[in-house]
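The structure appears below as structure tokens.
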Amino acid sequence: MESSHNTPRFAWLKTVFEAADVDGNGIMLEDTSVELIKKLNPTLKESKIRLKFKEIQKSKEKLTTRVTKEEFCEAFSELCTRPEVYFLLVQISKNKEYLDANDLMLFLEAEQGVTHITEEMCLDIIRRYELSQEGRLKGFLAIDGFTQYLLSPECDIFDPEHKKIVQDMTQPLSHYYINASHNTYLIEDQLRGPADINGYVRALKMSCRSIELDVCDGPDNEPIICNRNNMTSPLAFRNVLEVINKLAFFASEYPLILCLGNHCSVQQQKVVVQHMRRIFGNKLYTEAPLSSEVYLPSPEKLKMKIIVKGKKLPCDQDILEGEVTDEDEEAEISRRLSEDFSREPKLIWLCKELSDLVSLCKSVQYKDFETSMKAQNYWEMCSFSEAEASRIANEYPEDFVNYNKKFLSRVYPSAMRIDSSNLNPQDFWNCGCQIVAMNYQTPGPMMDLHTGWFLQNGGCGYVLRPSVMRDEVSYFSANTKGIVPGVSPQVLHVKIISGQNFPKPKGACAKGDVIDPYVCIEIHGIPADCTEQRTKTVQQNSDNPIFDESFEFQINLPELAMIRFVVLDDDYIGDEFIGQYTIPLECLQPGYRHIPLRSFRKYAGMTLWSCALMCPECGSGRPGVSCW
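Under our numbering, read the sequence shown as residues 858 to 1485, first letter to last.
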């Protein structure tokens, strides 16, 4: 690709070689040369570097364990030059082997969508990413520096502006999606898995703002956290509160909701209250709701506050304890397991002290929307099973959206998900449901959507819902199949250019070390926006597969849309998962961008490699994105 040895890259590589050549004779041991190249490019495999040296020496009809300066430069250039990046550089620079400050400025403005760029800003980029001292001094960016820049955080597909709080946090709590966990204390399945305090640690460090505590009577008058259908390895309630108090605002300063499942005797309920008041102190929000208000307070007003969701005694009765319905989902699981669906929710005793801890999130039973809109107070909320929420969403989609404009609603997974599999949160976000509880311990596409969605707005655990789901006068149905009234659709252009360093899928062994990758682009959102397209398969190339394919999508409700990139290994037995990345459409950066793939791992995704997608075209209202 670079025919001349008088290029900036060759001059830089000679300098690197000579600095490592302690004898100064222009020859190094192969082992030393391999280590040096790996230091310059850590993603390269040692076996591939050694093979390249052998190929070069074989072409010269010599085989030795020593490498010359020219062979070192040739091997590095062949191994580390990505042709798609090189051709882009040549195109931008008008056939030069490097970019100067003016070339870089043009690239940033025309392709990357950067505004108010200056020459000094471009020179700063060159100083930070150019590998050669000569290039940094003279102000040019050669191929290796340009490659590093394209794979740097500055060229990440995720807009860094959205890593900060960018949304209005002064609206009512009901106007936000809230990051929520289901049975937070479980780290395996719903029946046999143990309770583990790390479930709370994991959730809170991932900005979860709604966690669950199922509290039962324990020995020595000390309440415990456990699943009543699974009494193995209970946790001391007091210890769990200590962890929550320590990490409640570790990842977000916005309010934390504790969904309290109370299964304690009145005696131990009072112990629960004592522990919560002592450990949480003034973080605990217990102010009585104002009858003069019609909406919940805002996340901004509730910063650093812990809110208890639970049952409450009637406010008009001056009693020390009383009966309330036990509507927790565990009762549904018990009914499912016993196949006794006729059993009514039982009554439980509730003491006044515990009732008084509940302020803004009083649990009430859902009857119908007509009753709720007439009689429900703004500080009351309903919990829906997955099955019930799905039925309501299908039968009354507009009413569900309107209900959620004012009231909080919580959706929890079906009792049949004993394996801790996850529901599709998008189905319920489309209806405006704020608190969709997820099994954090179970990775997969559904958890990818959930994790990706809450990356936005600084990862604070609160995402402002679309205006059509907040405005009193707006009309929106979750089953919308076309253009949303009052919302301008946008066209998204995506070009998948290439990928790098794809590993062999975990557990795959049929094809040896080779893989045949392809990329799926999924759009998730309202039904009208849900679609999927894929690239062709690139045969037997895991190091730098070139896809070079463009796609176009019409997005009818951009505020609620996500794009999920999935890399798979094409196999006649079954396509194996390699990695994925899910991002809200609103967080995309236009231009040439790279995507850090994530792979399945217990509890959370793990960044593994860089994948690149590119697309210099622009869409209607939203720029295109080109991905590496």
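We put the CB at the ideal spot given by N, CA and C, even for glycine.
Practice task
Kindly indicate which residue of 980, 1342, 1257 and 1429 has the alpha-carbon position closest to the one of residue 965.
Solution key: Residue 965 sits at position 108 when you count from the first residue of the sequence shown. Nearest C-alpha to residue 965: 980.
Exercise for the section: Would you check if the distance between the CB atom of residue 1071 and the CB atom of residue 1118 is smaller than 8 angstroms? Expected result: The count along the sequence shown starts at 1 and reaches residue 1071 at position 214. The count along the sequence shown starts at 1 and reaches residue 1118 at position 261. A contact, by the Cβ cut-off of 8 angstroms.
Problem - Beta-carbon separation (whole angstroms), residue 1098 vs residue 1136, contact threshold 8 angstroms - result: Against the sequence shown, residue 1098 aligns to sequence position 241. Against the sequence shown, residue 1136 aligns to sequence position 279. Contact flag correct, Cβ pair sits at about 5 angstroms.
Problem - Contact between the stretch 1328 to 1338 and the stretch 1150 to 1158 (3+ Cβ pairs under 8 angstroms) - result: They do not touch, by the three-pair rule.
Practice task
Check each candidate in 1094, 1378, 1290 and 1004 and name the one with the smallest Cα separation from residue 1569.
Solution key: Missing from the structure shown is residue 1569; the chain here goes from 858 to 1485 and no further.
Problem - Stretch pair the stretch 1025 to 1042 + the stretch 1321 to 1332: three plus CB contacts closer than 8 angstroms - result: Counting Cβ pairs under 8 angstroms, three or more are found: they touch.
Handout entry: Inter-residue spacing [alpha-carbon to alpha-carbon] between residue 1214 and residue 1142
Key = For the purposes of this step, residue 1214 is identified with residue 357 of the sequence shown, where counting begins at 1. For the purposes of this step, residue 1142 is identified with residue 285 of the sequence shown, where counting begins at 1. Rounded to whole angstroms, the separation of the alpha carbons of residue 1142 and residue 1214 is 8 angstroms.
Problem - Beta-carbon proximity check, residue 1287 vs residue 1417, cutoff 8 angstroms - result: Here residue 1287 is taken as the residue at index 430 of the sequence shown, counted from 1. Here residue 1417 is taken as the residue at index 560 of the sequence shown, counted from 1. Between residue 1287 and residue 1417, the CB-CB gap stays under 8 angstroms.
Problem - Outcome for residue 1355 when other beta-carbon atoms lying within 10 angstroms are tallied against a minimum of 16 - result: Working through the sequence shown from its first residue, we reach residue 1355 at position 498. Buried.
Problem - Proximity of residue 1116 and residue 1129 at Cβ, strictly below 8 angstroms - result: Looking up residue 1116 in the sequence shown gives position 259. Looking up residue 1129 in the sequence shown gives position 272. Going by C-beta atoms, residue 1116 is not nearer than 8 angstroms to residue 1129.
Exercise for the section: Measure the C-alpha to C-alpha separation of residue 1019 and residue 1443 and round it to an integer number of angstroms. Expected result: The sequence position of residue 1019 within the sequence shown is 162, counting from 1. The sequence position of residue 1443 within the sequence shown is 586, counting from 1. Going from the Cα of residue 1019 to the Cα of residue 1443 covers about 9 angstroms.
Exercise for the section: Run through the stretch 859 to 921 for me and flag every whole beta strand (DSSP E) of 3 or more residues, listed as ranges in chain order. Expected result: Correct list: 884 to 886.
Practice task
Starting from residue 960, trace the alpha helix (DSSP H) both ways and give me its first and last residue.
Solution key: Here residue 960 refers to the residue found at position 103 when the sequence shown is read from its first residue. Residue 960: member of the alpha helix (DSSP H) spanning 958 to 967, first to last residue.
Problem - Separation of residue 1008 from residue 978, as counted between CA atoms - result: Stepping through the sequence shown from its first residue, residue 978 is reached at position 121. Stepping through the sequence shown from its first residue, residue 1008 is reached at position 151. If I take the Cα positions, the gap works out to 18 angstroms.
Exercise for the section: Find out if the Cβ-Cβ distance for the pair residue 1294, residue 1038 is shorter than 8 angstroms. Expected result: As a working mapping, residue 1294 is identified with position 437 in the sequence shown. As a working mapping, residue 1038 is identified with position 181 in the sequence shown. Taking 8 angstroms as the Cβ cut-off, residue 1294 and residue 1038 qualify as a contacting pair.
Problem - Any beta strand (DSSP E) of 3 or more consecutive residues that is wholly inside the stretch 986 to 1012 - result: Counting whole runs of 3 or more residues, the stretch 986 to 1012 contains the beta strand (DSSP E) stretches 997 to 999.
Problem - Assigned secondary structure, residue 1460 (DSSP; H/G/I helix, E/B strand, else coil) - result: Start at 1 with the first residue of the sequence shown, and residue 1460 comes out as number 603. In this prediction, residue 1460 has a pLDDT of 37, which is less than 50 and means its spatial position is unreliable; nothing more can be read from the coordinates.
Practice task
Please say whether residue 954 and residue 865 have beta carbons closer to each other than 8 angstroms?
Solution key: If you number the sequence shown from 1, residue 865 lands on position 8. If you number the sequence shown from 1, residue 954 lands on position 97. Yes.
Exercise for the section: Look at the Cβ atom of residue 903, then the Cβ atom of residue 891, and state whether they are nearer than 8 angstroms. Expected result: The residue labelled residue 903 in the question sits at position 46 within the sequence shown. The residue labelled residue 891 in the question sits at position 34 within the sequence shown. Here residue 903 is near residue 891, since their CB atoms are less than 8 angstroms apart.
Exercise for the section: Would you tell me roughly how many angstroms separate the C-alpha atoms of residue 1170 and residue 1210, rounded to the nearest one? Expected result: For the purposes of this step, residue 1170 is identified with residue 313 of the sequence shown, where counting begins at 1. For the purposes of this step, residue 1210 is identified with residue 353 of the sequence shown, where counting begins at 1. Straight across, the Cα-Cα distance linking residue 1170 with residue 1210 is about 10 angstroms.
Practice task
Could you check which residue in 1385, 1362 and 1406 has the C-alpha nearest to that of residue 1432?
Solution key: Counting from one through the sequence shown, the residue named residue 1432 turns up at place 575. When each option's Cα is compared against that of residue 1432, the closest is 1362.
Practice task
To the nearest angstrom, report how far apart residue 997 and residue 1066 are at their CA atoms.
Solution key: Within the sequence shown, residue 997 is the residue found at index 140, counting from 1. Within the sequence shown, residue 1066 is the residue found at index 209, counting from 1. Cα-Cα distance, rounded: 47 angstroms.
Exercise for the section: State the start and end residues of the unbroken alpha helix (DSSP H) segment that holds residue 1310. Expected result: Within the sequence shown, residue 1310 is the residue found at index 453, counting from 1. That run of the alpha helix (DSSP H) goes 1302 to 1310.
Problem - Cβ-Cβ distance between residue 1414 and residue 1383 below 8 angstroms - result: Sequence index remark: in the sequence shown, residue 1414 carries index 557 (1-based). Sequence index remark: in the sequence shown, residue 1383 carries index 526 (1-based). Judged by their CB atoms, residue 1414 and residue 1383 are nearer to each other than the 8 angstroms cut-off.
Handout entry: Unbroken stretches of the alpha helix (DSSP H), 4 residues or longer, contained in the stretch 1095 to 1177
Key = With a minimum length of 4 residues, the continuous alpha helix (DSSP H) runs that stay inside the stretch 1095 to 1177 are 1123 to 1137.
Problem - Through-space distance from residue 1083 to residue 1398, alpha-carbon basis - result: Position 541 of the sequence shown, counted from the start, is the residue given in the question as residue 1398. Position 226 of the sequence shown, counted from the start, is the residue given in the question as residue 1083. Here the alpha carbons of residue 1083 and residue 1398 stand approximately 49 angstroms from one another.
Practice task
Over the uninterrupted beta strand (DSSP E) stretch that includes residue 1390, give me the two end residues.
Solution key: On the sequence shown, position 533 is the one that residue 1390 refers to. Its beta strand (DSSP E) spans residues 1388 to 1391.
Practice task
Below 8 angstroms on the Cβ atoms is my guess for residue 1233 versus residue 1441; work out the distance and round it to an integer in Å.
Solution key: Locating residue 1233 in the sequence shown gives position 376, counting from the first residue. Locating residue 1441 in the sequence shown gives position 584, counting from the first residue. Rounded to the nearest angstrom, the Cβ distance from residue 1233 to residue 1441 is 31 angstroms, too far for a contact under 8 angstroms.
Practice task
Hey, could you find the ends of the alpha helix (DSSP H) residue 948 is sitting in?
Solution key: Residue mapping note: residue 948 aligns to position 91 of the sequence shown, counting from 1. Residues 940 to 950.
Problem - Contacting residues, own chain, Cβ-Cβ under 7 angstroms from residue 1244 (five flanking each side not counted) - result: Walking along the sequence shown from the start, residue 1244 turns up at place 387. So the qualifying residues of the chain are 1271.
Handout entry: Sequence ranges, beta strand (DSSP E) only - wholly within the stretch 1189 to 1265, length at least 3
Key = 1204 to 1208, 1215 to 1220 and 1237 to 1242, all fully within the stretch 1189 to 1265.
Exercise for the section: Please say whether residue 1220 and residue 1166 have beta carbons closer to each other than 8 angstroms? Expected result: Taking the first residue of the sequence shown as 1, we reach residue 1166 at position 309. Taking the first residue of the sequence shown as 1, we reach residue 1220 at position 363. Between residue 1166 and residue 1220, the gap from beta carbon to beta carbon is short of 8 angstroms.
Practice task
Could you round the C-beta distance between residue 1223 and residue 1239 to whole angstroms and report it? I think they count as a contact, below 8 angstroms.
Solution key: Walking along the sequence shown from the start, residue 1223 turns up at place 366. Walking along the sequence shown from the start, residue 1239 turns up at place 382. The C-beta distance from residue 1223 to residue 1239 rounds to 4 angstroms, short enough to fall under 8 angstroms.
Problem - Check whether residue 1496 and residue 1291 have beta carbons under 8 angstroms apart - result: No statement about residue 1496 is possible, as the shown extent of the chain runs from 858 to 1485 and does not include it.
Exercise for the section: Please determine, among 1081, 1319 and 1347, the residue with the shortest C-alpha to C-alpha distance to residue 827. Expected result: Nothing can be reported for residue 827: it is not among the residues displayed for the chain, which extend from 858 to 1485.
Handout entry: Sequence-distant residues of the same chain with beta carbon closer than 6 angstroms to residue 1024, five excluded per side
Key = Position 167 of the sequence shown, counting from 1, holds the residue named residue 1024. Cβ neighbours of residue 1024 within its own chain (closer than 6 angstroms, five residues either side excluded): 1314 and 1321.
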